[in-house]
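For reference, the structure is listed below as structure tokens.
There are 2 protein chains.
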Amino acid sequence: MSETKLCPVTKFTQIMGGKWKLRIINAIRKHEKLRFGKLHALVSPISRKVLTDQLKELERDQLIIREQFAEIPPRVEYSLTAAASQLCSVFSEIESWSDQHYK
Amino acid sequence: MSETKLCPVTKFTQIMGGKWKLRIINAIRKHEKLRFGKLHALVSPISRKVLTDQLKELERDQLIIREQFAEIPPRVEYSLTAAASQLCSVFSEIESWSDQHYK
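Top line first, the protein sequences correspond to chains E and H.
In this text, residue positions in the first sequence follow the working numbering: the first is 1, and each later residue adds one.
In this text, residue positions in the second sequence follow the working numbering: the first is 1001, and each later residue adds one.
Here's what the structure looks like:
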């Protein structure tokens, strides 16, 4: 039996699966724009390699924007797309649930 | 540097991390009570081994209740704890976001 229409929660977990992506988006959301080093420090203990891969996937899935500035030394900043910004209502529900259950 | 207080989203991803748990909880939520076989069919393509492990972790984290009935053949049913039931507001935000962005 093939699933003709995926459940929205299934689609969400396919995109956000793994333990890092929600945290990466949440960190960028709080700071609006973040450079790689700062993001790496905030989403501890992620490795630089895994963070790089996760950022590429998030960029491919149109959830984050990668901006590179022609400066010396080169500067790269990550920000959220409009779609990812609209996750804020998901985060606020997660936060209130989490605060209530993990005191 | 140690983190003294974990961000609620970090705690949430630690508990819900991986691609299956939100889907398992969502499937049980929609049916109230589910037997292993039905759950396995709904959370496709999870393996029986992985589903068993995920259910044990969810039970340990007090998100699901495992009830075993002394019948022949033995019957086991899974349902949500009050804490997991209160995730419904998270799911409804995920669903509306997902419906909007993955048409």
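Cβ coordinates follow ideal geometry from the N, Cα and C atoms, glycine included.
Check whether the Cβ atoms of residue i and residue j sit closer than 7 Å, and answer yes or no.
| i | j | result |
| --- | --- | --- |
| Lys-33/E | Ser-79/E | yes |
| Arg-1023/H | Thr-13/E | yes |
| Glu-1093/H | Glu-93/E | yes |
| Trp-1020/H | Gln-1054/H | yes |
| His-1101/H | Ala-82/E | no |
| Glu-1067/H | Glu-1057/H | no |
Heavy atom of the ligand FMN less than 6 Å from the Cβ of residue i, yes or no?
| i | result |
| --- | --- |
| Ile-1046/H | You won't find the ligand FMN in this model; it holds no ligand whatsoever. |
Express the C-alpha separation of residue j and residue i in angstroms, rounding to a whole number.
| i | j | result |
| --- | --- | --- |
| Asn-26/E | Phe-1069/H | 43 Å |
| Ser-1098/H | Ile-1072/H | 42 Å |
| Ser-1044/H | Arg-1035/H | 15 Å |
| Arg-1075/H | Glu-59/E | 46 Å |
| Ile-64/E | Ile-1046/H | 29 Å |
| Thr-1004/H | Lys-1049/H | Any reading at Thr-1004/H must be qualified, since the residue scores a pLDDT of 47, below 50, and its modelled position is unreliable; no value is offered. |
| Thr-10/E | Ile-1028/H | 14 Å |
| Lys-1030/H | Gly-17/E | 21 Å |
| Val-1090/H | Gly-37/E | 30 Å |
| Ile-15/E | Ala-41/E | 23 Å |
| Leu-1039/H | Leu-1087/H | 18 Å |
| Cys-1007/H | Cys-7/E | 28 Å |
Worksheet item: Mind pulling the alpha helix (DSSP H) runs of 4 or more residues that sit fully within the segment 16-95 of chain E?
Response: Counting whole runs of 4 or more residues, the segment 16-95 of chain E contains the alpha helix (DSSP H) stretches 21-31, 36-42, 48-60, 82-85.
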